[in-house]
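What follows is a single structure, written as structure tokens, with notes after it.
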Amino acid sequence: MPELPEVEVVRRGLDAVLPGRTVATVSVLHPRTVRRQPGGSADFVAGLSGRCLGRPARRGKFLWLPLDGEDALVAHLGMSGQFRLDQAAAEPQRHTRVVLGFDDDGPELRFVDQRIFGGLWVSPQGAETPAELAHIAPDLFDPTLDNDQLVARIRARHSGIKRVLLDQGIVSGIGNIYADEALWRARVHYDSPASSLRPARVREVLEAARQVMGEALAQGGTSFDALYVNVNGASGYFSRSLAAYGQAGRACPRCGRSIVREAFANRSSFRCPRCQPRPRVRP
DNA sequence: ACTATATCCTGTATGC
DNA sequence: TGCATACAGGATATAG
């Protein structure tokens with residue numbers, strides 16, 4: 006599942022190949038992929054054709070490519086979205102949803118997405134920051150992030166700490182994997198009320214999230230299967246470094262107790278029962 | 001305003 | 001073997 010490190014790997018892959026190239030052809034193979042485009046496929050094609058791409062930017066899990074002029078192509082990978090750069094003659098991947106061809110001999114850009122939770126759209130005047138992302142908070146690597154203000158916002162929430170970490174309007178880029186890993190590193194239970202954590206504790210959680218995502222990025226991201234790969238189709242290697250996420254029944258790398266899996270908000274949460282005991286104050 | 005949940009989607013794994 | 005069910009979980013609309 007692409008979270009900040011995986012999306013950043015993709016951004017870097019696109020950055021190496023796309024800037025300065027001009028879109029010649031746009032094929033929308035599944036309308037759902039452009040569901041956030043006002044005017045649908047026709048407006049998406051019209052908005053991209055003939056445009057020259059700039060350097061890709063990212064906020065949290067969102068990517069965007071400035072277009073010549075002031076607009077931008079915005080992308081979210083969702084659960085299973087991939088950008089692939091392949092020569093036009095190469096066999097198309099199953100679940101290819103959108104293809105951009107260019108006016109040169111370089112590779113075409115394919116958006117492949119099995120589950121279609123991802124999407125693409127053209128944001129008018131979105132080159133600087135797309136208006137549709139106004140509600141997405143800065144991520145932990147954003148130089149404009151105000152860490153003290155973030156700590157205060159987190160502590161102002163009446164919800165469990167993991168729910169708050171996953172709220173992209175508070176801090177962006179963290180998903181289920183890195184939330185569990187950060188909480189394991191900081192030895193915090195996912196249901197600890199955010200408002201009950203001391204500021205220093207919240208800072209520790211954020212620093213743990215920053216660290217684990219930084220390490221994951223250095224290893225090319227976390228891949229469990231072919232659903233997350235870079236623009237060349239290669240997997241990242243961080244899954245072998247996970248301490249908690251997906252490790253139910255395996256020994257906690259710190260204390261040896263068995264990691265447990267628990268239902269959490271229609272999904273799963275993994276923790277060490279000894280390092281991350283349930284807090285006395287229940288939410 | 002804030003919080004929680006249902007929903008979208010498809011391939012894979014598991015159970016009977 | 002075949003069928004049904006659970007599961008993976010991003011963002012968002014909607015309900016409370």
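Numbering-wise (our numbering), the first sequence opens with residue 6 and increments by one.
For each residue, glycine too, the CB sits at the ideal point set by N, CA and C.
On a predicted model such as this, the values are computed, not experimentally measured, just so you know.
Closest by C-alpha distance to C277, when choosing among P258, G106 and V14:
P258
Here's a check: name, in chain order, each residue in its chain whose Cβ is nearer than 6 angstroms to the Cβ of D108, leaving out the five neighbours to either side.
T27 and A29
The alpha helix (DSSP H) that contains E220, what's its start and end?
P204 to A223
Status (buried if at least 16 other CB within 10 Å, exposed otherwise) for A223
exposed
Need the endpoints of the beta strand (DSSP E) that Q87 sits in, please.
G86 to D91
DSSP beta-bridge partners for G165?
P198
Which residue wins for smallest C-alpha separation from I166, given the options H140, P204 and A139?
P204
Of the listed residues D196, S201, E220 and F116, nearest to F146 (C-alpha basis)
E220
Under three-state DSSP, which class holds D144?
strand
Where D153 and D172 are concerned, what is the direct C-alpha to C-alpha distance, given to the nearest angstrom?
17 angstroms
Going by DSSP, what residues sit across from W69 in a beta bridge?
A62 and V79
Please confirm whether Q252 and L125 have their CB atoms less than 9 angstroms apart.
no
Taking only the alpha-carbon atoms, compute the straight-line gap between E212 and A47 and give it to the nearest angstrom.
44 angstroms
Considering only DSSP beta bridges, list what R272 is partnered with.
F269
Three-state class that DSSP yields for G25 in the structure shown
coil
Here's the rule: buried if 16 or more other CB atoms are within 10 angstroms of the residue's CB, otherwise exposed. What is G45?
exposed
Short of 6 angstroms in beta carbon distance, which residues of its chain neighbour A1, apart from the five on each side in sequence? Order them along the chain.
Outside the shown range of the chain (6 to 288) lies residue 1, about which nothing can therefore be said.
First and last residue of the beta strand (DSSP E) that includes S128?
G124 to S128
Count the CB pairs spanning the stretch 93-100 and the stretch 135-146 that are closer than 8 angstroms, and state whether there are at least three.
no
Check for me: the beta strand (DSSP E) holding F49 runs from which residue to which?
F49 -> not in any beta strand (DSSP E); alpha helix (DSSP H) instead, spanning G45 to L53.
Cβ of F88 within 9 angstroms of Cβ of R120?
no
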